[in-house]
Structure formats: structure tokens, C-alpha cells
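So the structure is just underneath, and the comments pick up after that.
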Amino acid sequence: MANPKPEELIRINHVPPKQAWMDTRPDFRPGMFCYASKAKSLEYVGMPNPRQWSVKDEDWHLPENWQEIFIEGLRERVDKYRSFRLFLDICVRCGACADKCHFYIGGGDPKNMPVLRAELLRSVYRKYCTTSGRIMGKIAGARELTIDVLKEIWYYAYQCTECRRCSLFCPYGIDTAEITILARELLNLLGLNIDWIAGPVANCYRTGNHLGLQPHTIKDSFDMFIDDLETITGIKVSPTFNRKGAEILVVIPSGSMFADPGTFTTMGELLLFHELGLDYTWSTFASEGGDFGFFTTNEMAKRLHSKIYAEAKRLKVKWILGGECGHMWRVWHQYHNTWFGPVDYLEEPVSPITGTRFENAKSNKTVHITEFTADLIKNGKLNLDPKRNDNLIVTYHDSCNTSRGMGLLEEPRFIINNVCNNFYEMPENTIREQTFCCGSGSGLNASENMEQRLRGGLPRANAVRHVHKKYGVNMLACICAIDRAVLPPLMDYWVPGVAVTGVHEMVGNALIMKGERKRTTNLRGEPLPGMEGEEDV
Amino acid sequence: MGLLFSFFAVAILGVIAFVGVRSIHLHYFFGVIIPYLAFAVFIVGIAFRVLKWARVPVPFRIPTTAGQEKSFPWIKSSKIDNPFTSFGVIIRMALEVLVFRSLFRNTKMELRDGPQFTYGSTKWLWMAGLAFHWTFLVILTRHLRLFFEPVPFFVEILETLDGFFQVGAPVLYITDLIFLGAVTFLFLRRVIIPQVRYISLASDYFPLFLIGAIGTTGVLMRYFLKTDVVGIKELMMGLITFNPVIPAGIGTIFYIHLFLVSALFAYFPMSKLMHMAGVFMSPTRNLANNNRAALHANPWNYPVKAHTYEEYEEEFRDKMKSVGLPVEKE
Amino acid sequence: MYNGGKILLGLIIFISLVTAPFWLSGKQATAKPDPKIDTPEILKLPESDRQCVESKAYMKKEHMKMLNEWRDWVVRDGVTVYTSTTGKQYTMSLQNTCMKCHSNKKNFCDECHNYAAVSPYCWTCHLEPKEKGL
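Protein chains in written order, with my numbering: chain A, 1 to 537; chain B, 1001 to 1330; chain C, 2001 to 2134.
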């Protein structure tokens, strides 16, 4: 289906309809939802109720006792997660979160106000888990779990990217991501996942990565990088795979091994590690830092990430270095230690180059690559020529997860300021902890829901547009693989003329390496500033 | 619907107390039995709800980080908005509870020509919320004069400050004005802002009307209808010494006020008003962001079935060998 | 993780605070104010004339408002005579009318005012009466 034109899409009505929300059924409009999960994806990982079904069909082929399953699941989870029970109990509907959600801002659907998205499930919770709701019914904001209610919960659970921007503004810290995460768990009990999540999950379980890259394919991919890098720099990097006894295991999102512009980030990392002479290894099995299991169930998330520490243990490395990826770092930072700790078979991470101890990672032994590189630059270990990035006028997009689930704000900026000369921030209410989502996170980066993605990404794009017009920004830097996959089409649609890069791609370009030949092109094969016409060297 | 329902519910409560005292003379019922019951429900209900939350574990450490993490000494970290230590968490919670830190961040989205979105700072909700909660606390504290003999010094100081402008007799309390103003604002924004009206339930209007009615009856009693304060204090002191008496000559308005307060106390534990206790227990606010430095244990963490390297190698061994990747089993 | 100890501590603090009146109310909790109307000036009057400017019930509720009005009428409007509902006329004066009979501020005014924690600002302008025998 063709997407509406930007001029049409921007005509957004934020005023809710007259009819009460409980009486309004969801309208499954093409472009606004993802396709249903396939039976084989669920079967492969043993998720319940695998079957073929279609969102547009009246009959979703639910199991006979679907209500019972859902409600039992709900009761079980409000007894397992204090966050969940508390957030269902204490919302006062002040509305502070309403205009903080990118989907509401870009779409105007009132049920995308975080408060109301949560009320969809909260109303069911009241009906089946609270006395007042059971007795007072609708007047207490409670309602029966009907098939329409279930479909509505499904529709909006997959219109939340779990970015947590609303939770920043909530006076009680109510986190819609928690609600969405658990709503999706409940839906998964009924086999109601989306294809774009269930597929990668199955792939990841089997091959170690979402894209389903098999070991030889990964090796081939890297061989291509090695060739390209030799052409550009004259240096032949020699990464190792599945090597036992290396000091560091490097894990990155698989998207950066396969698709532009993420691949350029990986190439930048290869150059950096080579220049440092780092004793590290890649793993074809722990070949995915991201975790679409996190968008499925807590258990699935843990099942997919078990391999990372398992590989670190098998390869007898000292610690783990994680690449540029958003939700990967929410999981690594906030969940890994709890799932897999204590990680006493690894050592407290120390940079072999600078000797810096990463105190903040001493327990779970994972270091973010921008922490690693910022430390290198601060200690003067890198020879950088930011002029090589002079063709770029850069702004920086904070990923939701690294900003609101971690607080990684200054490290990437410090690096960017050292590898390029033109850096401009977007308006302050759209960056750092207040950053806007790309609109496609949490597994919603499919293609069939493009209108939803363009709407969700509008607030981010609009802020980029501001600096594009004001400063001529032509490059949007980020540290997230989903960002690198989804921001290019978003920019093409809303802000043509702005490309997308990982931070370590710019590092790779600026890095002056020992024994390199005079570089004429950047990692993308485009001429460096001042080198136009010399590509034929 | 929620609005009218709540309005009439509160109105009916008022009428019940009026008729009960004025016509049926149930002074003892409305002056002694109901307050005792309501207070018991309040205490037991709150304890019950809090313990119910406490029984549920916090499986994961999920603070919403609102500033720079602690990493290197040369990067200034945000010690309060992204606390690494318990001390930081205490300050963060104190700011949250005492001055509504998160609400202070509030912005208002506008779509302007360009087209351009802007997100200007907006402090109205924060200001009204703060005014409402703080004046409520001051008013409650002032009421302690009816529950202590002798009256504690801080209550007298509070009264003197509150009546600083010495307008009229009895002296006008500034908090009474601010309180009613804030309640009115919170109500008006709920009905005027379309989005907020859309999300509002009966359980949002009911406490607003109830609290508004309590404030109004209180003001009527103090400034206009007048009643016998000495008698009221005798009643209250009787209650707290479990020696209840009903002094004659206390106006009906007092019993209406007391009944509405009792209704609020009894309603409190089963309502959204529990956010008073809940805010302290919110896992996105009351945890330090030190997940990679300290282990957070989940009591129900359980082993999961994962795909092992051995299974992986088993499936891909030939392909691995063909490109020279090391394998465990030849 | 539960943090049970902290929650319990918080709960105990909360319950202690809201129930404080019950367990902190001291010996004087049941003491009632007892304003005395046995001053020599009142006792001098014949039984039938022992009557304030208005009824006792009215005075109990409204005396503060009345004094406030008297002050305004005398100081701002120059009116000095008050006609009561019974038609009797009085000079509107705190010191010369009210305190003439109620010369016992300690045992009359202060009794209730202290009990209800009211601190009227009469005596910031007026001279506080010096009571004999104290």
C-alpha cells in the first residue's frame, strides 16, 4: 500500500472523539499494525498456541479457554512484578504522560496516550483482580474481557515501543513499558505475537542472531569488510572468531553485520580494535546483542541471552564488550546481572589499553563500547583526524534505552566531539533523557506497518528537521542498530538529505592508523572532504 | 457519566448526614460510630494494601534514568536524577515526594506551522498539584488543635503563619483559599482539557468532589455558619480517649463535614488515593542505577531452557569447518 | 527483592503518626474549659440583669465577629452605641463594656481560647487587663 504524503500525514487531530473510549472499537487500518506471527516460529521455540491466524480476520482462532488463560496469566503476573501491580493500582489519570508519547503526537489516536493504553489492561485488571471493580463494574472503570477488548489490547500493545518517555514525566514513575511488556507476555500465552518479533526470536534461538545468519555467512560478511577496509586503508585487519583464551568477547547486534549503514559501524570497530592490537574475539554463536525475546516474554528474553555468558565462559574470556545497540543495552544493563549473576567466572573489566577499571560494570562484566572508546580518547590513546568527517554536519539521537534505561548520555557525545568538527544538538526537550523514539523500536520495525512507523517517528524527525534547517545538519548519529535500520527511511520521508551513521563509523573514519595509506574515501567509499576526484588512486 | 455519578454520590453523602442528624438525631452514630469505623478502615486498609504490594517482589532493577550515569570520574554524573547510591535514591525520592520532581519536567506539545512540534515547559499542573497537596497537609496539621490538649507548639505556629494577614474574625487562613482554588483548578482542567476529560473515570471525579465538599463545609463552618469549636474539641478528645461524648449545641454543618471526612478516610484505601503510599514503592524511582555494579536478586528467577553451543555446533559443524572456524568436536 | 524491612518501617512510622493523638493525649485530654462568670462586677448585678449584650448561645458562636464589627464601627465609622436585639443600648468598647464585667481574662477568655488554640489579636492594641490577686 502506498504511504500517505507527508503533507497529509502531518494533519493530525489530537482532540479525542465524543464517544467514550470503552465504547470505541479499534479500527485495524492497514499500515498501522504488524502481521500475525507464523505457527512455525512459535513452534520452534515452544511458545503456546502456535497457529496460522490473521489480524484482519474476525476469528483469531483462539483456544477455547482463552479468557481463563489470559486472566490466570494476569493474576500470576501481578503477583510476580511489584511494578505491574503498583502501576495498575495507583495511576490518578492526571494526563501528564498524554502528549509525551511519539505515537500519540504523530497519530492523535487517544488510545495511544500512555495513560489510556494502560487503562485498556487496567480495566480488565479491575474487573478480575479488584473487589471494587468486580462489584461496581463500569463505574469503577472495570470491564469484561471480551474478544473486542482482547483485540484492542493486542492492537495497542504493538503500538508502544517501550521507550519509557512517559515514565520520565509520571509523578509516580508509572512505566508504560512495564505494562506493554507484560501485556505482550499475556498475549503470547494465546499465541498472539507479531511475525516481525516471532520470526527473529526463532532465528535467534537457532543461529544465535535475529537475522538467522549462519556461522559461515557471518565469516563471509566479515571477509567482505576486511577486503573493503584493505581497499580503503591499505591495512588488512584480522579478526578472530570463536577463539578461546581471548581477553575480550565482543558482541554486537547482528543488524550491524549485515545491512548498511550498520555495517560501516562494524567496519569502524574492526579498524579500532586492530589499531589497538586488542586481544579479542567475535562469536558466531553469541552473534546477537539484541534480544527480541525481550519483546515477547521475560522467559524468552532470558533464553535468548543465555548464550552470551555461556560463550564467554566457554571461550574463557575475561570480560564482554558490547556494541552499539539500544534495547540490547537495556537488557544487558538492567536484566543480565539478575538473570545470570553472579558472573564470577569472568573478571572485573579493565581496559587493556588504558588500565582504566570499569567500576560501574564490575559485577556483570559488560562494558559499552562508547564507554570503552571514550576512555581511550580521554587517555590520548587514539590518533584522530576529525577533519576527515568535515563533510558531515552531525546531530545525535539518544536511543530510548541507553538514555532512560541506563543514562549513557555523555560518552557518545564526547566521542562525537572528538571525531568530527560540526556537531549540533537538537532542541533540549527532544534529547538526552527526554529523547524521542525512532518510532520503530521494540520489534515494530516491520514494513507492513510503515504508516505507524512514520507517525511514531515524526517527533524525532521533526526535531532533526529543525537542526537540518537551522544548521544544515546532514548526518544523524546514533548508537542503536534498530535506529540505523529505521531512521534512513524516516529521514527520507520527513527530512530528505539527512543520512544516518553509527558513532563508531565516524571513529573509523577519523582514526589515523599506523601504516595506513593516504585515505581518499570514507568507509562508505565516498570521497573524503578535499579528496574529491582522487577516488581512482 | 462518571462526573454526574460522582457529583450525586457526594451530594447524597451530604444529605444522609444532614437528614441523619437534623431529622433523626443520630448524633452518636454520625459523631462516634462512623468516625471510628472510617478511621479503622483507613488504617487497616492502607496497611493491607501496602503489605499486599510488599508481598510482591521487585524482580528487576528498572530505574528510569533521568540523567548521566556514573561511569568515569571525568564525566559528571547526575547523582540525583540517575542515582548510583542509596543516598542519591533518598534525595531523588525526597524531591519526588516533597516537590513532585517528575511533574516539574512537564511539557506541553504544540503543533505549529512549519509544520513544527514544540514542547514548551508547562508548570500549571505541577503548581496546582503542589498547592493542593501542601495546603491539604497544612490544613490537616492545623486540625490537630482539636486532638491535643495542650496543643503542640508547631500547630500554633502553623496557625499563626496561616492567619498572617489577620483578615476578619475568625482570622482567614490563606491555605483555605489556596486549597479550594487548587481543587477547583484540578477539577476544571479535568473537564475542560479534552484529553483529560476523555480519560477521566468516576473514580477521578469522586475524590475531587468529596475533597471539594469537605473543604467547602469546613469553610462554611468556620467563617459563615459558625459552630461551637469548644464542643467539637470535646467530642474529638472524647473519641481519642475512647470516652466518647456528644456535647450539645454543635451545628449540623459539623456533622456533615465529619461524615464527608469519614467517607474520604474509608474510601482512601480502595482508591487511586493510595498513590500516597505507592509513590514510595515505585521501582522506576526508588532503585539505584547500579545494575552492572551490584547484583539485584530476583526471588523467582528460574533456570530456562536455552539453545546450547553444543546443539549449535552440532547443526552447523560442517559449515563452520568449511570456513575455518574452530570447533569443539572434530 | 522485597525491601520488606523498609516498607514495614515506613508503615509503622505512618501509623504512629496518624494515631499519635490516641497515644500521646496526656492527662489533660479530658479536661474541659470552664469559663468563669463570677467576677465581683457580675455578682453585684441583680440576678435578672446578669445578661450579656446578646444571648449566651449567640455570644458563644459570634462574639469574635461582633468584636470585629464593633472595632470597625467605632474606629472607622464613629458609631459608638450598639443596640442589641432586646433594644438595650451599650457603648461599644472592649475595655469599658466587655471587660468591665468579664474582668477575669485568665479565667474567662483564655479558658476556651487556649483549649481551642485560638490567639485573638485584641491585646496587640488594647491594654491587657491587670488582674488582682495573681
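Just so you know, even glycine gets a beta-carbon here, dropped at the ideal spot from N, CA and C. These numbers come from a predicted model, not from an experiment.
Inset, instruction - Identify, in the order they occur along the chain, each residue of the same chain with its Cβ nearer than 6 Å to the Cβ of A301 of chain A, setting aside the five sequence neighbours on each side. - result: What you label residue 301 of chain A is simply residue 301 of the first sequence in a count that begins at 1. So the list reads D291, G293, F294, once near-sequence residues are dropped.
Inset, instruction - Mind the definition here: the segment 191 to 205 of chain A touches the segment 431 to 451 of chain A only if three or more C-beta pairs lie below 8 Å; say whether that holds. - result: yes
Inset, instruction - Please look up how many angstroms separate the CB atoms of A198 of chain A and A485 of chain A, rounded, as I've assumed it's under 8 Å. - result: Here residue 198 of chain A is taken as the residue at index 198 of the first sequence, counted from 1. Here residue 485 of chain A is taken as the residue at index 485 of the first sequence, counted from 1. That pair is no contact at about 18 Å.
Inset, instruction - State the Cα-Cα distance for the pair F1117 of chain B and Y2121 of chain C, rounded to the nearest angstrom. - result: To locate residue 1117 of chain B, count along the second sequence from 1; it is residue 117. To locate residue 2121 of chain C, count along the third sequence from 1; it is residue 121. Distance between the alpha carbons of F1117 of chain B and Y2121 of chain C is about 56 Å.
Legend entry - Whole-angstrom distance between P1083 of chain B and M1001 of chain B, CA atom to CA atom: Position 1 of the second sequence, counted from the first residue, corresponds to residue 1001 of chain B. Position 83 of the second sequence, counted from the first residue, corresponds to residue 1083 of chain B. One C-alpha to the other measures close to 44 Å.
Inset, instruction - Would you kindly check if the distance between the Cβ of W1053 of chain B and the Cβ of L88 of chain A is under 8 Å? - result: Here residue 88 of chain A refers to the residue found at position 88 when the first sequence is read from its first residue. Here residue 1053 of chain B refers to the residue found at position 53 when the second sequence is read from its first residue. Contact flag unset, no.
Legend entry - Under 7 Å by beta carbon: chain C residues contacting R1092 of chain B: As a first step, residue 1092 of chain B must be located in the second sequence, where it is residue number 92. Under the 7 Å cutoff, chain C gives no residues; its nearest Cβ is about 15 Å from R1092 of chain B.
Legend entry - Min CB distance I1133 of chain B to chain A below 8 Å: On the second sequence, residue 1133 of chain B is found 133 positions in, with the first residue counted as 1. Before going further, note that residue 1133 of chain B is His rather than Ile in the sequence given. No, H1133 of chain B lies away from the interface with chain A (no Cβ there is under 8 Å from its Cβ).
Legend entry - Nearest-angstrom Cβ-Cβ length linking Y81 of chain A and V1056 of chain B, presumed shorter than 8 Å: Residue 81 of chain A sits at position 81 when you count from the first residue of the first sequence. Residue 1056 of chain B sits at position 56 when you count from the first residue of the second sequence. 7 Å between Cβ atoms; contact.
Legend entry - Neighbour-count burial assignment, Y1173 of chain B, 16 or more Cβ in a 10 Å radius: For this step, residue 1173 of chain B is matched to residue 173 along the second sequence. Buried, because 16 or more other Cβ atoms sit within 10 Å of the Cβ of Y1173 of chain B.
Legend entry - Min CB distance I2007 of chain C to chain B below 8 Å: If you number the third sequence from 1, residue 2007 of chain C lands on position 7. Interface residue, yes.
Inset, instruction - Check each candidate in A:C160, A:E428, A:C325 and name the one with the smallest Cα separation from N449 of chain A. - result: What you label residue 449 of chain A is simply residue 449 of the first sequence in a count that begins at 1. Considering only alpha carbons, the answer is A:C160.
Legend entry - Backbone CA spacing between R143 of chain A and D79 of chain A [nearest angstrom]: Within the first sequence, numbered from 1, the residue matching residue 143 of chain A stands at position 143. Within the first sequence, numbered from 1, the residue matching residue 79 of chain A stands at position 79. So the two alpha carbons sit approximately 21 Å from each other.
Inset, instruction - Report yes or no: is there a C-beta of chain C within less than 8 Å of the C-beta of G1212 of chain B? - result: In the second sequence, the residue the question calls residue 1212 of chain B occupies position 212. Chain C, which has no Cβ nearer than 8 Å to the Cβ of G1212 of chain B, makes this no.
Inset, instruction - Return yes when the Cβ of L321 of chain A is within less than 8 Å of the Cβ of I369 of chain A, no when it is not. - result: Counted from its first residue, the first sequence places residue 369 of chain A at position 369. Counted from its first residue, the first sequence places residue 321 of chain A at position 321. Closer than 8 Å, so yes.
Legend entry - Contact with chain A by M1109 of chain B, beta-carbon distance below 8 Å: Residue mapping note: residue 1109 of chain B aligns to position 109 of the second sequence, counting from 1. With 8 Å as the cut-off, M1109 of chain B counts as an interface residue toward chain A.
Inset, instruction - Check the DSSP bridge columns for Y396 of chain A and list the partner residues they point to. - result: Counted from its first residue, the first sequence places residue 396 of chain A at position 396. In the DSSP output, where bridge partners are listed per residue, Y396 of chain A has A:A477.
Legend entry - Proximity below 8 Å, CB of E1258 of chain B to CB of G1014 of chain B: Your numbering for residue 1258 of chain B matches position 258 in the second sequence. Your numbering for residue 1014 of chain B matches position 14 in the second sequence. One point to set straight first is that residue 1258 of chain B is Leu, not Glu, in the sequence displayed. Taking 8 Å as the Cβ cut-off, L1258 of chain B and G1014 of chain B do not qualify as a contacting pair.
Inset, instruction - Go through its chain and collect everything with a Cβ distance to E2062 of chain C's Cβ below 8 Å, but skip five positions before and after it. - result: Working through the third sequence from its first residue, we reach residue 2062 of chain C at position 62. Taken in chain order, the residues that qualify are E2054.
Legend entry - M224 of chain A, buried or exposed, once every other Cβ within 10 Å from all chains shown has been counted against 16: Residue 224 of chain A sits at position 224 when you count from the first residue of the first sequence. When all chains shown are included, M224 of chain A counts as exposed.
Inset, instruction - Please go through the same chain and pick out, in chain order, the residues whose beta-carbon is closer than 7 Å to the beta-carbon of H333 of chain A, but skip the five residues on each side of it. - result: The residue labelled residue 333 of chain A in the question sits at position 333 within the first sequence. Excluding residues within five positions, the ones whose Cβ falls inside 7 Å are G405, M406.
Legend entry - Exposure of Y1302 of chain B, with buried meaning 16 or more beta-carbon neighbours within 10 Å: Within the second sequence, numbered from 1, the residue matching residue 1302 of chain B stands at position 302. Under this definition Y1302 of chain B is an exposed residue.
Inset, instruction - Please confirm whether T284 of chain A and I218 of chain A have their CB atoms less than 8 Å apart. - result: Start at 1 with the first residue of the first sequence, and residue 284 of chain A comes out as number 284. Start at 1 with the first residue of the first sequence, and residue 218 of chain A comes out as number 218. Yes, these two residues count as a Cβ contact at 8 Å.
Inset, instruction - Check whether the Cβ of M1127 of chain B lies closer than 8 Å to any Cβ atom in chain A. - result: The residue given as residue 1127 of chain B occupies position 127 in the second sequence. False, the Cβ-Cβ gap to chain A never drops below 8 Å.
Inset, instruction - Taking P2129 of chain C as the query, report the chain B residues whose CB atoms sit under 7 Å from its CB, ordered along the chain. - result: For the purposes of this step, residue 2129 of chain C is taken as the residue at position 129 of the third sequence. Within chain B, no residue comes near P2129 of chain C; the closest Cβ sits about 20 Å away, beyond 7 Å.
Legend entry - One or two residues paired with Y35 of chain A in a DSSP bridge: Indexing the first sequence from 1 puts residue 35 of chain A at position 35. Answer is none; Y35 of chain A lacks a bridge partner.
Legend entry - Chain-ordered chain B contacts of S2119 of chain C [CB-CB under 8 Å]: Reading the third sequence from its first residue, position 119 is the one you call residue 2119 of chain C. Result: E1156, E1159, T1160.
Legend entry - Alpha-carbon to alpha-carbon, M1237 of chain B and T2030 of chain C: As a working mapping, residue 2030 of chain C is identified with position 30 in the third sequence. As a working mapping, residue 1237 of chain B is identified with position 237 in the second sequence. Approximately 6 Å between the Cα atoms of the pair.
Inset, instruction - In the DSSP assignment, find the beta strand (DSSP E) that holds R1112 of chain B and state where it starts and stops. - result: Position 112 of the second sequence, counted from the start, is the residue given in the question as residue 1112 of chain B. R1112 of chain B -> beta strand (DSSP E) spans 1107 to 1112.
Legend entry - 8 Å Cβ cutoff met for A1182 of chain B and A1131 of chain B: One-based indexing of the second sequence puts residue 1182 of chain B at position 182. One-based indexing of the second sequence puts residue 1131 of chain B at position 131. Contact flag set, yes.
Inset, instruction - Using the DSSP secondary-structure output, state which residues sit across from I194 of chain A in a beta bridge. - result: For the purposes of this step, residue 194 of chain A is taken as residue 194 along the first sequence, with counting starting at 1. DSSP lists A:A36 as partners of I194 of chain A.
Inset, instruction - Measure the alpha-carbon distance for L145 of chain A versus Q67 of chain A and round it to whole angstroms. - result: For this step, residue 145 of chain A is matched to residue 145 along the first sequence. For this step, residue 67 of chain A is matched to residue 67 along the first sequence. Between L145 of chain A and Q67 of chain A, the C-alpha separation is close to 7 Å.
Inset, instruction - Could you tell me if V2081 of chain C is buried or exposed, where buried requires 16 or more neighbouring beta carbons within 10 angstroms of its beta carbon? - result: For the purposes of this step, residue 2081 of chain C is identified with residue 81 of the third sequence, where counting begins at 1. By the 10 Å Cβ count, V2081 of chain C comes out exposed.
Inset, instruction - Work out the CA separation of A96 of chain A and E1311 of chain B for me, nearest whole Å. - result: Position 311 of the second sequence, counting from 1, holds the residue named residue 1311 of chain B. Position 96 of the first sequence, counting from 1, holds the residue named residue 96 of chain A. The alpha-carbon atoms of E1311 of chain B and A96 of chain A are separated by roughly 50 Å.
Inset, instruction - Please confirm if L1325 of chain B has its CB atom under 8 Å from at least one CB of chain A. - result: Stepping through the second sequence from its first residue, residue 1325 of chain B is reached at position 325. Yes, contact with chain A.
Inset, instruction - Quick one: which unbroken beta strand (DSSP E) runs of 3-plus residues sit fully inside the segment 339 to 396 of chain A? Chain order, please. - result: 366 to 368, 394 to 396
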